[in-house]
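Residue numbers (the numbering used here): 56 to 201. Positions of the beta carbon are idealized from the N, C-alpha and C atoms, including for glycine. Inspection log for the structure reproduced underneath, given as structure tokens.
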């Protein structure tokens with residue numbers, strides 16, 4: 056398991072802090088910035104939403120960009136997310152080593168788990184620890200791959 060920031064162990068089947076769980080469908084690694092530091096683009100779907108449960112869009116598309124360190128957020132904040140009617144877009148900033156570890160882990164096959172459709176491969180899940188700022192903005196404070 057890879058963990059960063061506020062991601063905490065689950066107790067009783069629910070996260071200790073609100074989280075948005077994304078089933079990762081695709082990963083694209085890119086060079087970002089003049090130094091060619093690693094950047095990632097992920098796409099997936101919302102699997103579970105404990106941050107804004109009233110939003111109720113499990114299955115909505117998620118685009119997540121991991122950018123190299125250089126943008127400063129408040130201490131303990133990795134990035135932000137914006138909620139649209141049909142999708143969520145998230146931008147987080149990670150140091151090069153952490154971005155590389157995340158890319159490496161997501162490039163490996165996901166662990167098998169019980170799933171209703173056996174014709175689809177199992178996908179990694181990325182649990183983003185988040186706090187709502189407004190009805191359409193999220194503060195991302197941590198993540199966990201599971």
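Can you name the residues that DSSP bridges to residue i?
i: residue 75; result: 104, 183
i: residue 201; result: The partner list for residue 201 (beta bridge, DSSP) is empty, contrary to what the question assumes.
i: residue 188; result: DSSP, once it has assigned bridges, lists no residue as partnering residue 188.
Report buried or exposed for residue i, applying the criterion of at least 16 other Cβ atoms within 10 angstroms of its Cβ.
i: residue 114; result: exposed
i: residue 185; result: buried
i: residue 178; result: buried
i: residue 195; result: buried
i: residue 181; result: buried
i: residue 199; result: buried
i: residue 189; result: exposed
i: residue 193; result: buried
Could you spell out where the beta strand (DSSP E) holding residue i opens and where it closes?
i: residue 136; result: 134-138
With distance defined between alpha-carbon atoms, name the residue in the options nearest to residue i.
i: residue 153; options: 129, 140, 80, 95; result: 95
i: residue 147; options: 139, 116, 81, 131; result: 131
i: residue 120; options: 74, 140, 201, 81; result: 81
Can you determine whether any heavy atom of the ligand NAD sits closer than 6 Å to the C-beta of residue i, and answer yes or no?
i: residue 186; result: In the structure shown, the ligand NAD is absent, as is every other ligand, since no ligand is present at all.
Measuring CB atoms only, is the region 158-167 touching the region 99-106, in the sense that at least three cross pairs come out at less than 8 Å? Two segments are said to touch when three or more pairs of C-beta atoms, one from each, lie closer than 8 Å; by this definition the region 158-167 does not touch the region 99-106.
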